[in-house]
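A.B. asks: Take a look at the following structure, please.
Protein chains: 2
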Amino acid sequence: MLMGSELPPLQWLVVFEAAARLLSFTAAAHELGTTQPAVSQQIRALEKSLGVALFERIYRGVVLTDAGHILLKTTQSSLRDLREVLQKIKQKSAPRRITVVTDFAFAAFYLMPRLPEFRGLHKEIDIRIQTSQSGTDLPSMDSDVAILFGEGGYQGYRSEKLLSEKVYPVCSPKLFEEFSGFTVLTDMVKAPLLKLNADISQKWMDWEQLFHLHGAQWQPSDSVMEFDNYTLLVQAAISGQGIGLGWSPLLDDYIKSGVLVALPHFTVESNNGYHIVQSNHHVPSDSTKAFLDWLKA
Amino acid sequence: MLMGSELPPLQWLVVFEAAARLLSFTAAAHELGTTQPAVSQQIRALEKSLGVALFERIYRGVVLTDAGHILLKTTQSSLRDLREVLQKIKQKSAPRRITVVTDFAFAAFYLMPRLPEFRGLHKEIDIRIQTSQSGTDLPSMDSDVAILFGEGGYQGYRSEKLLSEKVYPVCSPKLFEEFSGFTVLTDMVKAPLLKLNADISQKWMDWEQLFHLHGAQWQPSDSVMEFDNYTLLVQAAISGQGIGLGWSPLLDDYIKSGVLVALPHFTVESNNGYHIVQSNHHVPSDSTKAFLDWLKA
DNA sequence: CCATTAACATAAGTAGTACTTATCCCATGC
DNA sequence: GCATGGGATAAGTACTACTTATGTTAATGG
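Taken in order, these protein sequences are the chains called W and U. Residues in the first sequence are numbered consecutively from 663, following the numbering used here. Residues in the second sequence are numbered consecutively from 663, following the numbering used here.
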């Protein structure tokens, strides 16, 4: 008997993959160098262990059920990954593709603009960026390295601080002139404040904390615009709709090019920041090391 | 004997994973409900079939070799994926996480800004965006859906046009005033033209084609700035450094908010565009369908 | 310095699984 | 209504892989 959470014999999945791809038990048997009854029996066993039909038996052939389709997709990608890595190990060649997991803001404002530079240095390495809304879902990430915002110290992972959180208000040059610079904090409420929606911003600094750190009291006023997304907030700031919070160095390029103006008087820092997070159990490949060296430089 | 490209018995990998995780054959045997020699033999067989040592035998235990580390990473993620999907199928529950593969520009300018809206509609679905520099590497993508730029008609895939390529020059409002609008094409060479580096732009329209389609001759001049990355080019356009090419609707938000001004006289369209690409063999899940319906609306 | 211990390796017998061969069954098409 | 081509079933067999028993190794302690 099979235990609930245990895997069935994985050979069954190899047989299933061939049969599902070819939509024929006979053809699958031929490809696998075995016989049709062997395939038939293994598929039957797999279906029994799952309690779900994977194929519908039709006249002269089979078609996949919904469950079969779902299983095929994952089976193919997993088997392909395994085949690939086993091949690589046989040839003793290092992996050339690295996957980086991070959040939308870091990907869009920091990583993507800089990646071509890395590509210039290491043409042979292909970087895949993976972003997810459920940002810190560490256990399910099958990445070489993650770059996550937080306090650091992730259980079961090595983490290293890449950037400390450093926040300053930013606005368009036009708005900056209009108010002839903002010299005291209370000036700022004259302009609309651009704010990230609470469940998006997660651990990021918000206006309330910034005011508090400067010894001022934040009072929610009408002149606040909420955004679901940092990209949209930055766009609004650029177009002069209000004052946003800028993370250094995410927005450095925008400030350098004059699209945004920083109000450095009101800069605040915290113990949070972006961390390079890697699994304890994995030794980084040479490609990963090259990427991290470049990132830290 | 084992054929070159074939997989070894996958049970070996399950045993390997346990042994590598626990760094003990005895403990792995205990976890798997078997005996230490069984583990020892399977590891030996796996190492023999790969021709590489996976463990280094040290006093009272084992440690992973480099090859062992590499194999562990992929093995863990693949086995986790398989366990997950088999569990899901047993419970007859639909997948709730979908992975979208696309290019940097589409991700940064179109998808990411709009995703919070989708999240509002479907809180239970977690969207993962995966971008890669080797954009159209279709066979190796294990995604639910890809959104790729090109002509459509990918071998072995269903594709459906999402957006037609529609390009117009864009610049900052300031530059636009400065030249009191650009009314004829040749006006445009007065300002610096922002250009994507050839090996990045791939199939995208470039200035040469745009001039050609308007019956004008493009002559490379000094007033051209090259960029490795569309994000950087757009930043330069926003900050008034020159005229860039804007893809509709990627930059619509910027134009709507007044950060950029479009020069619609010179709009050109092509048969290229962004296509929704899905594998022929996979039936989209309900989550995927919901995402695609939202995307097309 | 030798005995003990705790890890993995090896060897050989055994048990159980899974493959093969042969046959059956069913739906279609001529 | 018979031939065809696909999968299902059944039973014997062969082979794989597990178990038990023993060997090997290296560090520790008396």
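Each residue gets a CB set at the ideal place from its N, CA and C atoms; glycine is no exception.
Out of curiosity, what's the CA-to-CA distance linking residue 834 of chain U and residue 925 of chain U?
C.D. replies: Numbered from its first residue, the second sequence carries residue 834 of chain U at position 172. Numbered from its first residue, the second sequence carries residue 925 of chain U at position 263. For residue 834 of chain U and residue 925 of chain U, the distance between alpha carbons rounds to 11 Å.
A.B. asks: Report the partner residues of residue 952 of chain U according to the DSSP bridge assignment.
C.D. replies: Taking the second sequence and counting its residues from 1, one reaches residue 952 of chain U at position 290. According to DSSP, which records beta bridges pairwise, residue 952 of chain U is partnered with nothing at all.
A.B. asks: Would you say residue 919 of chain U faces chain W, with C-beta separation under 8 Å as the test?
C.D. replies: In the second sequence, counting from the first residue as 1, residue 919 of chain U sits at position 257. Yes, residue 919 of chain U lies at the interface with chain W (some Cβ there is under 8 Å from its Cβ).
A.B. asks: Please classify residue 895 of chain W: does DSSP put it in a helix, a strand, or coil?
C.D. replies: Position 233 of the first sequence, counted from the first residue, corresponds to residue 895 of chain W. It is helical.
A.B. asks: If we call anything under 8 Å between Cβ atoms a contact, is residue 961 of chain W one with residue 705 of chain W?
C.D. replies: Within the shown structure, residues of chain W are numbered from 663 to 959, placing residue 961 of chain W beyond reach of any answer.
A.B. asks: For a quick check, are the C-beta atoms of residue 934 of chain U and residue 811 of chain U less than 8 Å apart?
C.D. replies: Within the second sequence, residue 934 of chain U is the residue found at index 272, counting from 1. Within the second sequence, residue 811 of chain U is the residue found at index 149, counting from 1. Yes. Within cutoff.
A.B. asks: Would you list, in chain order, the members of the region 882-906 of chain W that have their beta-carbon closer than 7 Å to a beta-carbon of chain U?
C.D. replies: Result list: 890, 891, 893, 894, 897, 898, 900, 901.
A.B. asks: Please tell me whether residue 789 of chain W and residue 809 of chain W are closer than 8 Å, where the distance is taken between their beta carbons.
C.D. replies: Position 127 of the first sequence holds residue 789 of chain W. Position 147 of the first sequence holds residue 809 of chain W. No, the Cβ-Cβ distance between residue 789 of chain W and residue 809 of chain W is not below 8 Å.
A.B. asks: Keeping to the same chain, check which residues put their C-beta closer than 7 Å to that of residue 682 of chain W; ignore five residues upstream and five downstream.
C.D. replies: What you label residue 682 of chain W is simply residue 20 of the first sequence in a count that begins at 1. 726, 730, 734.
A.B. asks: Output yes if chain U places a C-beta closer than 8 Å to the C-beta of residue 673 of chain W; else output no.
C.D. replies: Residue mapping note: residue 673 of chain W aligns to position 11 of the first sequence, counting from 1. Yes - at least one Cβ of chain U is within 8 Å of the one on residue 673 of chain W.
A.B. asks: I need the straight-line Cα distance from residue 878 of chain U to residue 931 of chain U, nearest angstrom please.
C.D. replies: As a position in the second sequence, residue 878 of chain U is number 216, starting the count at 1. As a position in the second sequence, residue 931 of chain U is number 269, starting the count at 1. Distance between the alpha carbons of residue 878 of chain U and residue 931 of chain U: 16 Å.
A.B. asks: Suppose only complete runs of 3+ residues qualify. What are the beta strand (DSSP E) ranges in the region 779-832 of chain U, listed by chain order?
C.D. replies: Within the region 779-832 of chain U, the complete beta strand (DSSP E) runs of at least 3 residues are 788-794, 807-812.
A.B. asks: Mind checking if residue 916 of chain W is an interface residue toward chain U, Cβ cutoff 8 Å exclusive?
C.D. replies: Your numbering for residue 916 of chain W matches position 254 in the first sequence. Closer than 8 Å: yes.
A.B. asks: Have a look at residue 686 of chain W and residue 749 of chain W and give me their C-alpha separation to the nearest angstrom.
C.D. replies: Here residue 686 of chain W refers to the residue found at position 24 of the first sequence. Here residue 749 of chain W refers to the residue found at position 87 of the first sequence. Using only the alpha carbons, I get a separation of about 27 Å.
A.B. asks: Using only CA atoms, which one of U:774, U:828, U:910, U:753 lies nearest to residue 871 of chain U?
C.D. replies: Within the second sequence, numbered from 1, the residue matching residue 871 of chain U stands at position 209. Nearest C-alpha to residue 871 of chain U: U:828.
A.B. asks: With distances taken from CA atoms, which of W:913, W:880, W:881 is nearest residue 895 of chain W?
C.D. replies: Within the first sequence, residue 895 of chain W is the residue found at index 233, counting from 1. It is W:913 whose Cα lies nearest to the Cα of residue 895 of chain W.
A.B. asks: Which of the three DSSP states is assigned to residue 698 of chain W in this structure?
C.D. replies: What you label residue 698 of chain W is simply residue 36 of the first sequence in a count that begins at 1. Helix, per DSSP.
A.B. asks: Determine the extent of the alpha helix (DSSP H) in which residue 737 of chain W is found, giving its start and end residues.
C.D. replies: One-based indexing of the first sequence puts residue 737 of chain W at position 75. Start and end: 728-752.
A.B. asks: Apart from the five residues on each side of it in sequence, which residues of its chain come closer than 7 Å, Cβ to Cβ, to residue 674 of chain W?
C.D. replies: Counting from one through the first sequence, the residue named residue 674 of chain W turns up at place 12. Here the set comprises 704, 707, 708.
A.B. asks: Span of the beta strand (DSSP E) holding residue 675 of chain U?
C.D. replies: In the second sequence, counting from the first residue as 1, residue 675 of chain U sits at position 13. That residue, residue 675 of chain U, is in no beta strand (DSSP E); its alpha helix (DSSP H) goes 673-684.
A.B. asks: Just to confirm my understanding: we take residue 715 of chain U, look at its own chain, exclude 5 residues before and 5 after, and list those with CB closer than 6 Å. What are they?
C.D. replies: On the second sequence, residue 715 of chain U is found 53 positions in, with the first residue counted as 1. Closer than 6 Å at the Cβ level, and outside the excluded window around residue 715 of chain U, lie 709, 727.
A.B. asks: Just to confirm the assignment, what range does the beta strand (DSSP E) spanning residue 760 of chain W have?
C.D. replies: Sequence index remark: in the first sequence, residue 760 of chain W carries index 98 (1-based). First-last of the beta strand (DSSP E) with residue 760 of chain W: 759-764.
A.B. asks: Going by DSSP, what residues sit across from residue 924 of chain W in a beta bridge?
C.D. replies: As a first step, residue 924 of chain W must be located in the first sequence, where it is residue number 262. Note: residue 924 of chain W sits in a beta bridge opposite W:832.
A.B. asks: Our contact map puts residue 712 of chain U next to residue 751 of chain W with C-beta atoms below 8 Å; I'd like the distance itself, whole angstroms only.
C.D. replies: Residue mapping note: residue 712 of chain U aligns to position 50 of the second sequence, counting from 1. Residue mapping note: residue 751 of chain W aligns to position 89 of the first sequence, counting from 1. At roughly 5 Å, the Cβ-Cβ gap stays under 8 Å, so residue 712 of chain U and residue 751 of chain W are in contact.
A.B. asks: Counting beta carbon pairs with one atom in the region 897-904 of chain U and one in the region 756-776 of chain U, are three or more of them shorter than 8 Å?
C.D. replies: Contact fails: fewer than three Cβ-Cβ distances are below 8 Å.
A.B. asks: According to the neighbour-count rule (16 or more other Cβ atoms, all chains shown, within 10 Å of its Cβ), is residue 874 of chain W buried or exposed?
C.D. replies: Indexing the first sequence from 1 puts residue 874 of chain W at position 212. Classification of residue 874 of chain W: exposed, given that the 10 Å Cβ count is below 16.
A.B. asks: Can you name the residues of chain W whose CB is closer than 7 Å to the CB of residue 608 of chain U?
C.D. replies: The question about residue 608 of chain U has no answer here: the residues shown for chain U are numbered 663 through 959.
A.B. asks: For residue 724 of chain U, which residues does DSSP report across the bridge?
C.D. replies: The residue you call residue 724 of chain U lines up with position 62 of the second sequence. Answer is U:719.
A.B. asks: Between which residues of its own chain and residue 945 of chain U is the CB-CB distance below 6 Å, once the five residues before and five after are set aside?
C.D. replies: Start at 1 with the first residue of the second sequence, and residue 945 of chain U comes out as number 283. Here the set comprises nothing.
A.B. asks: Could you spell out the range, first to last residue, of the alpha helix (DSSP H) harbouring residue 917 of chain U?
C.D. replies: As a first step, residue 917 of chain U is located in the second sequence; it is residue number 255 there, counting from the start. Note, residue 917 of chain U: alpha helix (DSSP H), 914-918.
A.B. asks: Which residues of chain W have a Cβ atom closer than 9 Å to the Cβ of residue 955 of chain U, listed in chain order?
C.D. replies: Locating residue 955 of chain U in the second sequence gives position 293, where the first residue counts as 1. In chain order: nothing, as chain W lies at least about 18 Å away.
A.B. asks: Taking a contact to mean a Cβ-Cβ separation below 8 Å, would you say residue 679 of chain U touches residue 764 of chain U in this structure?
C.D. replies: As a first step, residue 679 of chain U must be located in the second sequence, where it is residue number 17. As a first step, residue 764 of chain U must be located in the second sequence, where it is residue number 102. Not a contact, by the Cβ cut-off of 8 Å.
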